[in-house]
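This report refers to the structure that appears directly beneath it.
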Amino acid sequence: MTKLKDKVAVITGGNSGIGLATAREFLAQGAKVVITGRRKAAIDEAVRELGDGATGVLADTADLQQIDALVEKVKALYNKVDVLFINAGIGQFFPIEYATEQQFDQIMNVNYKGAYFTLSKFLPLLEDGASVILLSSISATSGMANSSVYGGSKAALNSLAKVASIELAPRKIRVNSVSPGPIDTPIMGKTGLDASAIEQFAGAMREQVPLKRFGISSEVAKLVTFLASDEAAFITGSDYVIDGGIIVNAVL
Ligand SMILES: NC(=O)c1ccc[n+]([C@@H]2O[C@H](COP(=O)([O-])OP(=O)(O)OC[C@H]3O[C@@H](n4cnc5c(N)ncnc54)[C@H](OP(=O)(O)O)[C@@H]3O)[C@@H](O)[C@H]2O)c1
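For what it's worth, the working numbering labels the leading residue of the sequence shown as 682, then goes sequentially.
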């Protein structure tokens, strides 16, 4: 288990769901890992569970000063980053007609602006040959009702991954995006929808997945670990869909 031996990885939003599962996988592959999030108790709990090699930093990715402080902490700890997994994100779903400026700004500030400036501000600390993975969504390329702002924030990430893959190629830094379909994580519980609405949504979604189930965080973590490792040394500027086939959307 040495795919990431001696690598330093930063995972934004690593106290829960896909980020936490990826932190487990990175550590199992020999990396040192820094995780972030906004909830201190959840970060402390995750770091306790992850054990040696894991560090937690409280940092709201929507706040550029907190990104600066995160970069400074990682610099003081390790003075380099080999793997940057930009994963922190929120979901809110509403019809275009009822969108508010506050919802729009909140989603874009976390999912896109935060991701953008995390990449921008970590660039000086990224090793040549580093791997950057942006956590997008099939919402970036599908037309699910109520996902206009969320999907837009993720489509912007896909674009960023492609542009960054060209800008950073001279430093042999690879940049890819990963686009999951429905994955069983705490994210839906944070949308503000009540439990029965979530169950109704999840049931309808499950029926649409050809494999008839939600994915699990560790499945996404294994894909991210592959992209982070030298096994993916010739892969950059690509988007990897992991969705049980839902995006195929067979006509019959
Ligand atoms: N689950 C799915 O079906 C699915 C599908 C496609 C894409 N995704 C994407 O996958 C990523 C991870 O989500 P998840 O499903 O694993 O959900 P999750 O368990 O809710 O994890 C989200 C993580 O992001 C952190 N986060 C949220 N806002 C943040 C902020 N402003 N600053 C710093 N950290 C922040 C959360 O920590 P705090 O709560 O402590 O801030 C948490 O660690 C997201 O980008 C999401 O859009 C999920």
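Every residue gets a Cβ at the ideal spot worked out from N, C-alpha and C, and that includes glycine.
Outcome for residue i when other beta-carbon atoms lying within 10 angstroms are tallied against a minimum of 16
i, result
"TYR779", "exposed"
"LYS688", "buried"
"SER877", "exposed"
"ASP749", "exposed"
"THR781", "exposed"
"PHE915", "exposed"
"VAL932", "exposed"
"ILE927", "buried"
Cα-Cα separation, residue i to residue j
i, j, result
"ILE879", "ARG887", "12 Å"
"GLY833", "SER820", "8 Å"
"ALA913", "PHE907", "6 Å"
"GLY925", "LEU904", "14 Å"
"ARG720", "PHE707", "22 Å"
"ASP741", "ASP733", "24 Å"
"ILE725", "SER899", "Note that residue 725 corresponds to Asp in the displayed sequence, not to Ile. The straight-line gap from Cα to Cα measures roughly 21 Å."
"GLY896", "VAL929", "16 Å"
"GLY810", "LYS761", "12 Å"
"GLY884", "SER829", "21 Å"
"ASP875", "ALA850", "45 Å"
"ALA788", "TYR921", "What sits at residue 788 in the sequence shown is Ile, not Ala. Distance between the alpha carbons of ILE788 and TYR921 is about 22 Å."
"GLN746", "THR693", "15 Å"
Short Cβ contact (7 Å threshold) for residue i with residue j
i, j, result
"VAL714", "ALA735", "yes"
"ILE854", "LEU807", "yes"
"ASN790", "GLY770", "no"
"ALA702", "MET682", "no"
"GLY918", "LYS843", "yes"
"VAL691", "VAL755", "yes"
"ILE699", "VAL901", "yes"
"LEU816", "ASN768", "yes"
Q. Can you list the beta strand (DSSP E) stretches of 3 or more residues lying completely in the segment 890-923, in chain order?
A. 920-923
Q: Inspect the CB distances between the segment 794-805 and the segment 829-846 and report whether three or more fall short of 8 Å.
A: Yes, they touch.
Q.
Going residue by residue through the segment 825-879, where are the continuous alpha helix (DSSP H) segments of at least 4 residues, counting only ones entirely within it?
A. 829-848
**Q.** beta strand (DSSP E) segments (min. 3 residues) lying fully within the segment 718-769
**A.** 735-739 and 762-767
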